[in-house]
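Peer 1: Counting in full-length UniProt numbering, the sequence shown runs from 1 upward without gaps. Here a beta-carbon is modelled for each residue, glycine too, at the ideal position from N, C-alpha and C. It should be emphasised that the depicted structure is a prediction, and the values quoted were computed from it without experimental measurement. Dropping a structure here in structure tokens format, bear with me for questions.
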Amino acid sequence: MSRAVSAPTPAESPALTLTIFGLQPVETVRDADSARHHVHALAAVDSVWQWPHPESADHEGADPEVRPGAHRPLLEALQRRRRRAPAAPAGACADDLAALARLRLHQSTVEPAALVALRADLADDPALSDLLAGHPEWVAVSRLALVHLQAGTDHALVFGPRYLDLAAADWASLAGDLNDWLIEDGLAAFTTRSGRHYLAYTAAGLSRVGQHDLPPLACALNRNVQPFLAGDDVRPLRRWLTELQMWLYAHPLNAARAKRGRPELNSLWVWGRALLADLRAQPKSAEGSDPGDGVLVYTDSAELAGALWVGQGADAAVLMTGALPDLSDLTQRGGRPGARPLHVVYTEPAWCFLEGDVAGWANALDAADAFLKSWLAATGQQQGSFALDDGLGQSWPSAGKGWRSWLTRLRRMRLFPG
Numbered sequence: 001m002s003r004a005v006s007a008p009t010p011a012e013s014p015a016l017t018l019t020i021f022g023l024q025p026v027e028t029v030r031d032a033d034s035a036r037h038h039v040h041a042l043a044a045v046d047s048v049w050q051w052p053h054p055e056s057a058d059h060e061g062a063d064p065e066v067r068p069g070a071h072r073p074l075l076e077a078l079q080r081r082r083r084r085a086p087a088a089p090a091g092a093c094a095d096d097l098a099a100l101a102r103l104r105l106h107q108s109t110v111e112p113a114a115l116v117a118l119r120a121d122l123a124d125d126p127a128l129s130d131l132l133a134g135h136p137e138w139v140a141v142s143r144l145a146l147v148h149l150q151a152g153t154d155h156a157l158v159f160g161p162r163y164l165d166l167a168a169a170d171w172a173s174l175a176g177d178l179n180d181w182l183i184e185d186g187l188a189a190f191t192t193r194s195g196r197h198y199l200a201y202t203a204a205g206l207s208r209v210g211q212h213d214l215p216p217l218a219c220a221l222n223r224n225v226q227p228f229l230a231g232d233d234v235r236p237l238r239r240w241l242t243e244l245q246m247w248l249y250a251h252p253l254n255a256a257r258a259k260r261g262r263p264e265l266n267s268l269w270v271w272g273r274a275l276l277a278d279l280r281a282q283p284k285s286a287e288g289s290d291p292g293d294g295v296l297v298y299t300d301s302a303e304l305a306g307a308l309w310v311g312q313g314a315d316a317a318v319l320m321t322g323a324l325p326d327l328s329d330l331t332q333r334g335g336r337p338g339a340r341p342l343h344v345v346y347t348e349p350a351w352c353f354l355e356g357d358v359a360g361w362a363n364a365l366d367a368a369d370a371f372l373k374s375w376l377a378a379t380g381q382q383q384g385s386f387a388l389d390d391g392l393g394q395s396w397p398s399a400g401k402g403w404r405s406w407l408t409r410l411r412r413m414r415l416f417p418g
């Protein structure tokens, strides 16, 4: 059972705790299969990429408005003396961001990723309930990600949706054709209002693809796909994915993308399968609740939000969709100094980091910095009124000095000019 997040007393905790996964890239290589290409540091030349963004002044992801001496709350916080937090238990893999986010909030129950993500989506997407009710033949569901397999001489690397950068309209046009093809196998793809994708199975569909799907997407990004598809357990899924890749190769959308020099959507990543019978008929919603006195969590992790709602009630968490907390919404829910403790858990930088997206990673950190600046201004708080951690054991308390800045490390990694 999930262990509730106890509310710390004002003397114990600052008004805001900010957890940013992907805050500190560290150069390590964890296994031989990915030694050459695995990105655990954005300086890995082979698999770092960035698409040019018209709104950016340069291609390094640097904020052109930042000048020497400018107020950067995130940078200033990282200059405090760091301290080691208690080590989190190991998740499904070292990079499973959903598991790591839940562990950071002491959510020890490991439920399938599709189950907890669907709970979060159901609370924010009224049409989703009608969709599920309209398909009683669906017995299971998995998370689904659009991926590009980059073939090499003896391997194929998994690149994710940030690399593909597929427009929603393009996916919508492809999804109709894809579902016409999937229906013969007893399968269906659907997308929720949040933009998350799922694969639904009938009983025949489960028989077609087998009893096992894949590890979490975060565990595979920038890694060789072959070890994930090896073995008899995934033989049916491997056969089905081969047929899917042949179908995708011939689709006009990919032909058009190839002409523009864009990577092809040539596979799907399927993970976190759950039985729909385990999905609660009416999940708890964060909307319309009276603020309580426990910790208020804002997060962009649907898996964490879904787990908190089930374990602690509707007012435990707010799911951020594509942005950091809105200050007016935060105030209405009691997330202000003197009311209830606030904890923001932000995983987008880590997703960009795992995909090797330099500009996206820097932009995500800029967004966190902008949120901190706005929060400090709106609440009248001082720089030391919030605490920062990376979700993986390093934290920067509300006081103290002494550690070199994150910007220094980035410059050493040659991501930003010196």
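Starting from the C-beta of D300, find all residues in its chain whose C-beta is less than 7 Å away, skip the five residues before and the five after it, and write them out in chain order.
Peer 2: Same-chain partners within the cutoff: M320, Y346, T347 and E348.
Peer 1: Taking the beta carbon of H197 as the centre, do at least 16 other beta carbons fall within 10 Å, making it buried, or is it exposed?
Peer 2: Looking at its Cβ environment, which holds 16 or more other Cβ atoms inside 10 Å, H197 is buried.
Peer 1: Going by other Cβ atoms of all chains shown within 10 Å of its Cβ, with 16 needed for buried, is residue 425 buried or exposed?
Peer 2: Absent from the model: residue 425. The displayed extent of the chain is 1 to 418, so no value can be given.
Peer 1: Given a cut-off of 9 Å, decide if N222 and A156 are closer than it, judged by their beta-carbon atoms.
Peer 2: Contact flag unset, no.
Peer 1: Thinking R119 and W309 are a contact (beta carbons under 8 Å), I'd like their distance in whole angstroms, please.
Peer 2: Right, the Cβ-Cβ distance comes to about 6 Å (below 8 Å), so this counts as a contact.
Peer 1: Taking its Cβ as the centre, do 16 or more other Cβ atoms sit within 10 Å of E137, making it buried, or is it exposed?
Peer 2: E137 comes out exposed.
Peer 1: Put L18 into one of helix, strand or coil per three-state DSSP.
Peer 2: If DSSP states are grouped into helix, strand and coil, L18 belongs with the strands.
Peer 1: Return yes when the Cβ of L146 is within less than 9 Å of the Cβ of W269, no when it is not.
Peer 2: Against a cut-off of 9 Å, the Cβ pair of L146 and W269 comes out as a contact.
Peer 1: Using C-beta distances below 8 Å, list every residue in its chain close to P126, excluding the 5 sequence neighbours before and after it, in chain order.
Peer 2: Contacts found: none.
Peer 1: Sorted by chain position, which residues of the same chain lie with C-beta nearer than 8 Å to L327's C-beta, five sequence neighbours on each side aside?
Peer 2: The answer, listed in chain order, is S374, W375 and A378.
Peer 1: Where does D232 land, buried or exposed, given buried means 16+ other C-beta within 10 angstroms?
Peer 2: With fewer than 16 other Cβ atoms within 10 Å, it is exposed.
Peer 1: Since D121 contacts S207 with CB under 8 Å, what's their CB separation in whole angstroms?
Peer 2: 27 Å between Cβ atoms; not a contact.
Peer 1: What is the DSSP secondary structure of T299, counted as helix, strand or coil?
Peer 2: In this structure, T299 counts as strand in the three-state DSSP scheme.
Peer 1: The beta strand (DSSP E) spanning T191 covers which residue range?
Peer 2: From DSSP, the beta strand (DSSP E) with T191 extends over L187 to T191.
Peer 1: To the nearest angstrom, report how far apart T19 and D357 are at their CA atoms.
Peer 2: T19 and D357: Cα-Cα distance of roughly 20 Å.
Peer 1: Kindly indicate the opening and closing residues of the alpha helix (DSSP H) around D278.
Peer 2: Taken as a continuous stretch (DSSP letters only), D278 belongs to no alpha helix (DSSP H), as it is neither H nor E.
Peer 1: Does the beta-carbon distance from A140 to R273 come in below 9 Å?
Peer 2: Yes, the pair counts as a contact, with Cβ atoms nearer than the cut-off.
Peer 1: Assuming the contact rule is C-beta atoms closer than 8 Å, A354 and L265 should be a hit. Round their C-beta distance to whole Å, please.
Peer 2: The identity of residue 354 in the sequence shown is Leu, whereas the question assumes Ala. Not really, about 19 Å apart at Cβ, beyond 8 Å.
Peer 1: Which value, in whole angstroms, describes the spacing of the CA atoms of L16 and W396?
Peer 2: Each residue's Cα considered, the two are about 12 Å apart.
Peer 1: Going straight from the alpha carbon of T191 to that of D315, what length do you get?
Peer 2: In a straight line, the C-alpha of T191 is about 26 Å away from that of D315.
Peer 1: Please report the distance separating the alpha-carbon of A151 from that of D278.
Peer 2: The straight-line gap from Cα to Cα measures roughly 38 Å.
Peer 1: Between which two residues does the alpha helix (DSSP H) holding A114 run?
Peer 2: Here the alpha helix (DSSP H) through A114 covers A113 to D124.
Peer 1: Is the beta carbon of L97 less than 9 Å from the beta carbon of W351?
Peer 2: Yes, the pair counts as a contact, with Cβ atoms nearer than the cut-off.
Peer 1: Taking the CB atoms as reference points, tell me whether Y298 and P341 lie closer together than 9 Å.
Peer 2: No. Outside cutoff.
Peer 1: Who are the Cβ neighbours of G22 in its own chain at under 6 Å, not counting the five residues just before and after it?
Peer 2: These residues qualify, in order along the chain: P349, A350 and F353.
Peer 1: Classify P216: buried if its beta carbon has 16 or more other beta carbons within 10 angstroms, exposed otherwise.
Peer 2: Buried, since its Cβ has 16 or more Cβ neighbours within 10 Å.
Peer 1: Mind checking which residues open and close the beta strand (DSSP E) that includes D389?
Peer 2: Its beta strand (DSSP E) spans residues F386 to D389.
Peer 1: Since A204 and G186 should fall inside the 8 Å C-beta cutoff, what is the C-beta to C-beta distance between them, to a whole number of angstroms?
Peer 2: Confirmed, about 3 Å.
Peer 1: Buried or exposed: Y249, going by 16 or more other Cβ atoms within 10 Å of its Cβ?
Peer 2: Y249 should be labelled exposed.
Peer 1: The beta strand (DSSP E) that contains V147, what's its start and end?
Peer 2: Here the beta strand (DSSP E) through V147 covers A140 to A151.
Peer 1: Check the C-beta distance from L304 over to R102 and give it rounded, since I have them as a contact under 8 Å.
Peer 2: Right, the Cβ-Cβ distance comes to about 5 Å (below 8 Å), so this counts as a contact.
Peer 1: Determine the contact status of D213 and L174, defining contact as a CB-CB distance below 9 Å.
Peer 2: Cβ distance not < 9 Å, so D213 and L174 don't count as in contact.
Peer 1: Just tell me which of H148, A218, T242 and D177 has its CA closest to the CA of P252.
Peer 2: Minimum Cα distance to P252 is reached at D177.
Peer 1: Judging by CA-CA distance, which residue of A339, T331 and V295 is the nearest neighbour of L105?
Peer 2: Checking every option, the nearest Cα to that of L105 belongs to V295.
Peer 1: Going along the chain, which residues of its own chain have a beta-carbon closer than 7 Å to the beta-carbon of W247, five neighbours each way excluded?
Peer 2: For W247, where only same-chain residues beyond five positions count, the Cβ hits under 7 Å are W181.
Peer 1: Would V318 pass as a contact of R333 if the rule is Cβ separation under 9 Å?
Peer 2: Taking 9 Å as the Cβ cut-off, V318 and R333 qualify as a contacting pair.
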